[in-house]
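Numbering (this note's numbering), first residue to last: 1023 to 1562.
Where a beta carbon is used, it is the ideal one built from N, C-alpha and C, also for glycine.
As the structure is a computational prediction, the values presented were derived from the model and not from experiment.
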Ligand code: AMP
């Protein structure tokens, strides 16, 4: 027998309608790339979302079309999130750190029909515009006065397009499984892969994020959204915060310690979220300038493991609870959070720190298991370490336009992380099976570095692994076996790679060994390499 409750679709514009009705004077504050602070209420934001829905419709954007953004966290980016969703289109958020070739690759793979970009990124967009034939319209997210130089015809200023449209728009209803967002991840080998979110998955994700033991801030909360909107929907806060009536603060391009500190104090932010590198920058600024927080209560740290230094400094020196979150693009991204448990206060200080350095417990809606090399499910005993697999309603079922398998035969998604889970449900990442390196929250392909290094005549074999770095958490170390009879040096090899790799991918160091550890099929045994260099430390 089926239940007899209404089957109303969960659609994202409903969130903003709810916010405008119930928290009408609550604010969204943004630092714009032009430098000015922009401030408006949820009521005004909803009006502008309707106006932008009219702009998109006039541009010829239809249901299912992909609309690219290359943009900072601002109110305009927020409006694009909602207006694309409102008309059933898909907001394809592009990571500007990808570099021109990969930006063109993802835009072509997605067959984007329009591209919205912040003026800061005009130098990235202009040279590749000729190589993305599907794009019909480019929109600079600014006004006429700040329009960048751009050779492509049809460039328009966001504010000019908006001014020409009405603020009346009736949001249509459609299937809640309709796609609304697309984000490519380089966290796997090969080309970046597309993760296609739906209204339903983002809505459910936001409901869970709002639980008080997840990331819920409530109506009194003032959330500084540091994590980029081009990186998994800024971990969902553009949906979860308006849902619960909190104030949203967007820092725009100011992600440096001073910029973050100033906006936290000026807007009296109570909560924030971002990758560890961001928090290190903030700590450094505060220490150098002898600053304290007057409003910040807690911050979520994710994207890479949180260090004990960050944890202790924030908690002990600044009185801010730091809690870890783990997830990934394929999970929208929320998988686990590490909020204080009921028994936390009974633990000794060292035990508390040890618990907090784990990635945390699964949020409701996410199932996790660990699996051994033979495919057997391992016990949650805190000791057995295996491949971490997940499933849930906001977890990917298939990569966008991808021929390979996305899930295991029995329907789980393998995260590529290696972890333990203990009896209390705490997951702890112990290693990474995927062969990519995460530097300050951004992926670096080890294969690209290896291929580039192998074109040096003195390099017989090249293996790249991520090693600990003080500022970036992880940076590439290139391990080389020299071609017999040659004497290539570290400086020579790095110099050689400079023209061939993006700056973020340049290895920080080169180490030479006599023999590369190889597996049965002749592939480099990265586990062995990681073991050999496990104590390697790179300083900032
Ligand atoms: P992304 O898809 O770019 O968000 O990256 C997801 C990956 O980042 C995960 O599979 C982990 O390898 C890593 N990651 C995310 N959060 C954490 C965390 N709290 N601790 C350690 N690694 C993390």
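Euclidean distance between Cα positions of residue i and residue j
{"i": "residue 1095", "j": "residue 1273", "result": "6 Å"}
{"i": "residue 1518", "j": "residue 1462", "result": "24 Å"}
{"i": "residue 1054", "j": "residue 1251", "result": "14 Å"}
{"i": "residue 1398", "j": "residue 1219", "result": "30 Å"}
{"i": "residue 1554", "j": "residue 1231", "result": "40 Å"}
{"i": "residue 1289", "j": "residue 1242", "result": "13 Å"}
{"i": "residue 1485", "j": "residue 1504", "result": "12 Å"}
{"i": "residue 1489", "j": "residue 1427", "result": "30 Å"}
{"i": "residue 1162", "j": "residue 1092", "result": "10 Å"}
{"i": "residue 1043", "j": "residue 1127", "result": "41 Å"}
{"i": "residue 1337", "j": "residue 1153", "result": "49 Å"}
{"i": "residue 1543", "j": "residue 1550", "result": "15 Å"}
{"i": "residue 1527", "j": "residue 1481", "result": "18 Å"}
{"i": "residue 1209", "j": "residue 1315", "result": "34 Å"}
{"i": "residue 1117", "j": "residue 1023", "result": "46 Å"}
{"i": "residue 1088", "j": "residue 1112", "result": "5 Å"}
{"i": "residue 1434", "j": "residue 1342", "result": "36 Å"}
{"i": "residue 1249", "j": "residue 1340", "result": "21 Å"}
{"i": "residue 1425", "j": "residue 1057", "result": "44 Å"}
{"i": "residue 1494", "j": "residue 1073", "result": "41 Å"}
{"i": "residue 1429", "j": "residue 1237", "result": "28 Å"}
{"i": "residue 1041", "j": "residue 1051", "result": "15 Å"}
{"i": "residue 1329", "j": "residue 1321", "result": "14 Å"}
{"i": "residue 1215", "j": "residue 1374", "result": "38 Å"}
Close-in-space but distant-in-sequence residues of the same chain around residue i (CB under 8 Å, 5 per side omitted)
{"i": "residue 1313", "result": "1283, 1307"}
{"i": "residue 1332", "result": "1298, 1301, 1302, 1305, 1323, 1344"}
{"i": "residue 1445", "result": "1402, 1403, 1404"}
{"i": "residue 1317", "result": "1244, 1286, 1287, 1290, 1291, 1292"}
Beta-carbon proximity list for residue i, same chain, < 6 Å, skipping 5 on both sides
{"i": "residue 1166", "result": "1179, 1182"}
{"i": "residue 1228", "result": "1258, 1261, 1262, 1265"}
{"i": "residue 1225", "result": "1032"}
{"i": "residue 1394", "result": "1400, 1408"}
{"i": "residue 1559", "result": "1490"}
{"i": "residue 1070", "result": "1101"}
{"i": "residue 1276", "result": "1053"}
{"i": "residue 1363", "result": "none"}
{"i": "residue 1556", "result": "none"}
Paired residues, beta bridge with residue i - DSSP
{"i": "residue 1185", "result": "BP columns for residue 1185 are empty, so no partner."}
{"i": "residue 1343", "result": "1320"}
{"i": "residue 1487", "result": "1499"}
{"i": "residue 1053", "result": "1059"}
{"i": "residue 1004", "result": "Residue 1004 lies beyond the residue range present for the chain, which begins at 1023 and ends at 1562; the question has no answer from this structure."}
{"i": "residue 1220", "result": "1201"}
{"i": "residue 1533", "result": "1501"}
{"i": "residue 1442", "result": "1450"}
{"i": "residue 984", "result": "The chain is shown from 1023 up to 1562; residue 984 falls before or after that span and cannot be answered."}
{"i": "residue 1563", "result": "This structure leaves residue 1563 out entirely; the chain is present only between 1023 and 1562."}
{"i": "residue 1436", "result": "1411"}
Nearest candidate by alpha-carbon position, reference residue i, set the options
{"i": "residue 1564", "options": "1391, 1395, 1319, 1396", "result": "A query on residue 1564 cannot be resolved here, the shown segment of the chain reaching from 1023 to 1562 and no further."}
{"i": "residue 1038", "options": "1152, 1155, 1259", "result": "1259"}
{"i": "residue 1449", "options": "1138, 1412, 1342", "result": "1412"}
{"i": "residue 1132", "options": "1077, 1281, 1203", "result": "1203"}
{"i": "residue 1334", "options": "1364, 1317, 1352, 1302", "result": "1302"}
{"i": "residue 1499", "options": "1452, 1117, 1487, 1430", "result": "1487"}
{"i": "residue 1478", "options": "1514, 1492, 1493", "result": "1514"}
{"i": "residue 1459", "options": "1548, 1246, 1235", "result": "1548"}
{"i": "residue 1564", "options": "1201, 1213, 1215", "result": "An answer regarding residue 1564 cannot be provided, because it is not within the stretch 1023 to 1562 covered by the chain."}
{"i": "residue 1455", "options": "1562, 1045, 1437, 1447", "result": "1437"}
{"i": "residue 1269", "options": "1206, 1103, 1377, 1062", "result": "1062"}
{"i": "residue 1156", "options": "1245, 1135, 1311, 1172", "result": "1135"}
{"i": "residue 1177", "options": "1373, 1211, 1138", "result": "1138"}
{"i": "residue 1034", "options": "1027, 1104, 1025, 1476", "result": "1104"}
{"i": "residue 1234", "options": "1361, 1530, 1036", "result": "1361"}
Chain-order list of residues whose beta-carbon lies under 7 Å from that of residue i (same chain, five-residue window excluded)
{"i": "residue 1474", "result": "1519, 1522, 1523"}
{"i": "residue 1099", "result": "1091, 1093, 1251"}
{"i": "residue 1141", "result": "1055, 1162, 1164, 1168, 1170"}
{"i": "residue 1452", "result": "1407, 1440, 1441, 1442"}
{"i": "residue 1611", "result": "Nothing can be reported for residue 1611, as the shown portion of the chain is limited to 1023 through 1562."}
CB contact check: residue i to chain C, cutoff 8 Å
{"i": "residue 1444", "result": "The chain labelled as chain C is not found in the depicted structure, where only one protein chain is given."}
Fill in: the region 1343–1351 touching the region 1371–1388, judged by at least three CB pairs closer than 8 Å
The region 1343–1351 vs the region 1371–1388: in contact.
Item to complete: Check whether the region 1496–1515 touches the region 1524–1537, taking contact to mean three or more Cβ pairs, one atom from each stretch, closer than 8 Å.
Response: Contact holds: three or more Cβ-Cβ distances are below 8 Å.
Worksheet item: Counting Cβ pairs closer than 8 Å, one from the region 1409–1418 and one from the region 1367–1376, do we hit at least three?
Response: Contact between the region 1409–1418 and the region 1367–1376 is absent, with fewer than three C-beta pairs closer than 8 Å.
Item to complete: Evaluate contact between the region 1421–1428 and the region 1354–1367, counting only Cβ atoms and requiring at least three cross-stretch pairs below 8 Å.
Response: No, because fewer than three Cβ pairs between the region 1421–1428 and the region 1354–1367 fall closer than 8 Å, the two stretches do not touch.
Worksheet item: If you pair each beta-carbon of the region 1118–1129 with each one of the region 1146–1155, do three or more pairs fall below 8 Å?
Response: Touching, yes, given that three or more Cβ pairs across the two stretches are closer than 8 Å.
Fill in: Stretch pair the region 1323–1335 + the region 1290–1302: three plus CB contacts closer than 8 Å
Between the region 1323–1335 and the region 1290–1302 there are three or more C-beta pairs closer than 8 Å, enough to call the two in contact.
Worksheet item: Between the region 1468–1482 and the region 1522–1529, do three or more beta carbon pairs fall short of 8 Å?
Response: The region 1468–1482 vs the region 1522–1529: in contact.
Practice prompt. Say whether the region 1101–1112 touches the region 1189–1197, bearing in mind that this needs 3 or more beta-carbon pairs closer than 8 Å, one atom from each stretch.
Written response: Between the region 1101–1112 and the region 1189–1197 there are three or more inter-stretch CB-CB distances shorter than 8 Å, so the stretches are counted as touching.
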